[in-house]
Amino acid sequence: MTFSLIPFLPELTLLAALVLILLATTVSPSRDGTVAYGVTQLALWVAVALLWLTQARYIVNPRIVEGVVLRNSSTLLMQSAALIGLSLALLYGRASLIRQKLWQPETFLLFLCSTLGVVVVIGAYHFVPLYLGLELMALPLYAMVALRKDDAMSVEAGLKYFFLGALASGFMLYGISLIYGATGSLGLAAVGSLAMSGASHGLLLLGLFFLVSGLAFKLSAVPFHMWAPDVYRGAPTVVALFISTVPKLAAVVLLLRLMSGPLSPLLVYWQGMLAFLAVLSMIVGAVAAIAQTNLKRMLAYSTIGHMGYLLLGALVGTQDGFGAAVFYILTYVLSNLVAFGVLLSMNETSDESGATLSRGSDLEDFRGLYKRSPIRAALMTLAMLSLAGVPPLLGFYGKFAVIAAALMNGFIWLSVVAILTSVIAAYYYLRVIRLMFFSSPDEERASEFPCIGVVARVVLVLNGVALLVLGLFPSALLDLTVQALAWARVL
Amino acid sequence: MSFSAILFYVFAVILLASAVRVVIMQHPVHAAMALAQTLFTMAAIWITLGAEFLGLALVVIYVGAVMVLFLFVVMMLDARQQKWTPRWQRHLVPAVILGAVMLVEIALLIMRGVKMKDTTMPVASASMENTRELGKLLFGQYLYSLELIAVLLLVGMIAAIVLTHRQNRFAKRQDPAEQVAVTRESRLRVVSMAAETEAPEQSTAEPSPEKEGGQ
Amino acid sequence: MPGLEPTLLHYLLLAAALLVISLVGIIANRRNVLVLLMAVELVLLAANLNFVAFSVYYHDLSGQVMTAFVLATAATESAIGLALLILLFRRRGTIAVQTLDVLKG
């Protein structure tokens with residue numbers, strides 16, 4: 080049985096980079112990661128280019144390859160987003176990784192593998208590669224969180240994340256087994272048609288319950304969110320940035336794909352479960368962040384809240400709801416990249432024993448940032464306003480799209496909760512801005528800024544400016560998203 | 209009751225009993241042994257079902273490799289250091305009650321959910337087709353997934369080595385990059401203090417340098 | 006209620022029982038992290054039993070293919086989990102669950 084390798088070029092490119100880096104480490108004994116970094120970035124952009132060159136034809140003609148893999152406009156969009164996301168994360172995190180002595184080839188191997196998993200999940204149309212992609216995405220993350228082996232906090236965060244993540248994967252697998260049992264097939268297409276014909280509704284539902292539980296963990300939705308603050312705090316900041324952006328893309332695509340296609344007959348039950356998750360996430364994300372003094376933990380709760388809004392868009396169940404959800408995750412990723420990018424350019428140090436001082440990521444370190452580095456303060460302001468959903472930043476349109484979709488489809492109470500929690504959450508985003516502009520720098524904590532490369536600076540500024548520009552012209556990104564979904568038909 | 213039915217119940221009882229022992233046993237080696245027993249019994253059940261390749265794979269891979277790995281790690285962790293006292297009765301009773309409720313709920317849902325008319329299991333055939341058919345599938349339709357699992361195994365190896373590999377801890381070495389990267393601030397901190405004046409004590413000043421010089 | 010001859014339901018209930026035993030073990034465990042890892046293995050085992058049982062019932066080998074992949078995945082997961090456990094032990098000198106308190110959650 081032969082099939083063309085062309086649809087798999089993105090995965091193959093990442094795989095080639097993996098192999099190249101491994102081979103390079105056997106040739107040169109140095110533990111320096113510069114070659115690996117170069118190979119990774121090159122591979123990522125080559126993969127994006129190949130993606131667009133070879134798969135543009137699937138925009139109008141979606142194709143399911145060999146019954147296991149899907150290629151259409153939405154996979155094109157989301158896979159590109161994932162690859163570009165990693166590229167930017169590594170660019171912003173370069174100085175931080177060097178400082179923390181994590182500038183080694185292995186670090187890039189782990190990032191590449193996790194992104195490969197994300198790409199696989201986005202493109203999977205069968206439960207087998209889907210599950211494998213999810214594990215491929217998650218396993219390197221467990222190791223990456225504990226990468227600072229000398230730091231007790233990192234190791235503990237890694238172990239907690241591993242245990243909860245493995246348990247969630249187990250639950251998801253149990254759910255998949257029940258769905259398989261209810262329909263007799265593991266391919267999403269077949270599951271769709273069989274579910275439609277009313278096969279073993281109860282079993283399907285139980286399976287769905289377990290599946291959603293596992294998925295909610297990946298999305299850090301309440302009540303499966305416990306890992307997020309600890310992991311964001313304990314992991315190297317680049318890893319926290321990665322976890323908060325790229326794997327979420329895969330989880331969102333998975334959720335929407337299941338909802339809109341194979342398991343759409345169960346939409347009513349989806350909506351019940353997702354509404355529960357969404358409301359709790361929005362509330363916890365708004366309230367719990369207020370008490371945080373560490374920016375990374377605050378961003379973790381911010382993520383939890385944002386996932387609540389995302390679930391709101393998803394549970395609407397119609398095309399505009401799904402479009403709003405995808406648009407929302409993209410705006411969230413862009414905003415988070417800027418926020419973490421600024422954080423990465425602050426001086427987060429370790430002491431000699433390897434333990435991480437929170438210096439550099441505490442809110443106190445942002446005191447008077449305006450006087451010390453106006454550009455950083457400006458970028459952080461853009462990011463905070465965008466995350467808070469203040470117009471005319473991009474984040475506002477994300478929230479607007481989601482709430483509009485919810486209102487138009489009759490979910491009044493949920494929309495009210497969304498708006499209220501958004502207002503409450505704005506407090507802690509604005510607090511950061513207040514600290515930066517209206518406080519004087521703390522002399523003891525103010526340390527010199529690390530050396531950031533020119534490219535990283537330029538790209539970070541462009542990223543921040545994009546939040547404003549895309550916000551002024553929101554239809555650019557929004558239309559792209561809606562159009563991608565419309566062509567996709569199967570999502 | 210047919211022989212296969214008796215087999216099923218025997219295996220089921222052993223399976224559940226050893227699973228309970230996994231979570232109850234205090235000493236981790238005992239728990240690991242109980243897990244191995246659980247896996248063996250599960251393999252036996254699968255073989256009676258006709259999935260003989262998986263049964264054998266379970267024994268070879270899971271018991272033969274993974275459980276041995278568990279036991280290695282348990283031995284590395286120096287069990288002597290910890291007293292395996294049962295300090296957990298407080299949480300046991302509510303947990304068991306919760307578990308019983310969950311089991312009843314799931315069981316009811318499953319029994320109601322299975323709408324198939326005929327739930328009897330097909331008799332396992334005595335032919336050796338299972339492995340060949342699985343192989344045909346694995347290298348045919350599921351080739352993509354096969355490659356993915358290969359990458360997964362690779363990344364598992366990389367991750368485990370990255371986490372646990374230690375350079376020779378006892379070798380003393382210098383890192384010129386670190387030496388050069390030292391800044392004045394990390395080595396010296398100049399503190400301003402109020403000036404201290406010495407009280408003039410000329411009478412005892414001279415004998416002391418002589419004393420120290422004589423040592 | 007299921008009859009005497011083992012039907013599909015028997016296998017499903019067996020798997021559900023395994024799942025619940027594992028969960029009870031996780032909730033009630035206050036001793037060491039190793040048992041937590043083993044409990045996760047039990048959850049995966051329960052799912053695998055489901056897959057094999059349905060696969061035999063439907064005469065469809067894809068369930069068994071999934072199980073084969075899950076076996077490999079579980080092995081990899083164990084390796085990484087145990088590596089993290091070793092790291093924890095090197096740091097803290099113990100694997101008691103109570104010591105996981107550096108992060109305030």
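Residue numbers (the working numbering), protein chains in the order written: chain V, 80 to 570; chain R, 209 to 423; chain H, 6 to 110. C-beta: ideal position from N, C-alpha, C; glycine also.
Span separating the alpha-carbon of residue i from that of residue j
i               : j               : result
Y407 of chain V : M386 of chain V : 9 Å
T133 of chain V : G146 of chain V : 19 Å
W566 of chain V : S153 of chain V : 8 Å
V538 of chain V : D441 of chain V : 24 Å
L47 of chain H  : L294 of chain V : 20 Å
S494 of chain V : L486 of chain V : 6 Å
Y506 of chain V : L559 of chain V : 32 Å
R96 of chain H  : G196 of chain V : 30 Å
L361 of chain R : L549 of chain V : 41 Å
N151 of chain V : F552 of chain V : 26 Å
A122 of chain V : M232 of chain V : 33 Å
G263 of chain R : A252 of chain R : 7 Å
A274 of chain V : V347 of chain V : 14 Å
E341 of chain R : G272 of chain R : 24 Å
F280 of chain R : I138 of chain V : 52 Å
Simplified DSSP state of residue i, which is helix, strand or coil
i               : result
T12 of chain H  : strand
L580 of chain V : Residue coverage of chain V in this structure runs from 80 to 570, which leaves residue 580 of chain V outside it and unanswerable.
N151 of chain V : coil
D444 of chain V : helix
N37 of chain H  : strand
H235 of chain R : coil
A225 of chain R : helix
H299 of chain R : helix
G244 of chain V : helix
V398 of chain R : coil
V29 of chain H  : helix
E420 of chain R : Summary for E420 of chain R: the model assigns pLDDT 43, below 50, so the residue's position carries little reliability, and this model does not support an answer.
G400 of chain V : helix
H304 of chain V : coil
V469 of chain V : coil
I305 of chain R : helix
L139 of chain V : The amino acid occupying residue 139 of chain V in the given sequence is Val; Leu does not appear at that position. Of the three classes helix, strand and coil, the one that applies to V139 of chain V here is coil, per DSSP.
V144 of chain V : strand
V112 of chain V : Val is not the amino acid found at residue 112 of chain V; the sequence shown has Gly there. If DSSP states are grouped into helix, strand and coil, G112 of chain V belongs with coil.
G340 of chain V : coil
G266 of chain V : strand
K327 of chain V : helix
Rounded distance between the beta-carbons of residue j and residue i, thought under 8 Å
i               : j               : result
L546 of chain V : S465 of chain V : 5 Å
V481 of chain V : G351 of chain V : Not confirmed; about 18 Å, so no contact.
T186 of chain V : L165 of chain V : Between L165 of chain V and T186 of chain V the Cβ distance is about 12 Å, and since that is not below 8 Å, they are no contact.
L298 of chain V : A330 of chain V : 5 Å
Residue j beta carbon less than 8 Å from that of residue i
i               : j               : result
A300 of chain V : L283 of chain V : no
L317 of chain R : G281 of chain V : yes
L162 of chain V : A126 of chain V : yes
V224 of chain V : G212 of chain V : no
L564 of chain V : V405 of chain V : yes
L97 of chain V  : L191 of chain V : yes
R73 of chain V  : P520 of chain V : Because chain V spans 80 through 570 in this model, residue 73 of chain V falls outside it and cannot be assessed.
V304 of chain R : V70 of chain H  : no
L189 of chain V : A168 of chain V : no
V358 of chain V : H304 of chain V : no
F56 of chain H  : T78 of chain H  : no
G286 of chain V : G254 of chain V : yes
V199 of chain V : L220 of chain V : no
P208 of chain V : S353 of chain R : yes
Q183 of chain V : G112 of chain V : yes
Y270 of chain R : L76 of chain H  : yes
A244 of chain R : M283 of chain R : no
A80 of chain H  : L224 of chain R : no
S212 of chain R : T256 of chain R : yes
Handout entry: Within the region 164-217 of chain V, ranges of the alpha helix (DSSP H) (whole runs, at least 4 residues)
Key = 184-202
Problem - Ordered list of alpha helix (DSSP H) runs contained in the region 352-426 of chain V, each at least 4 residues - result: 374-394, 398-423
Handout entry: Whole alpha helix (DSSP H) elements within the region 472-496 of chain V, 4-residue minimum
Key = 473-487
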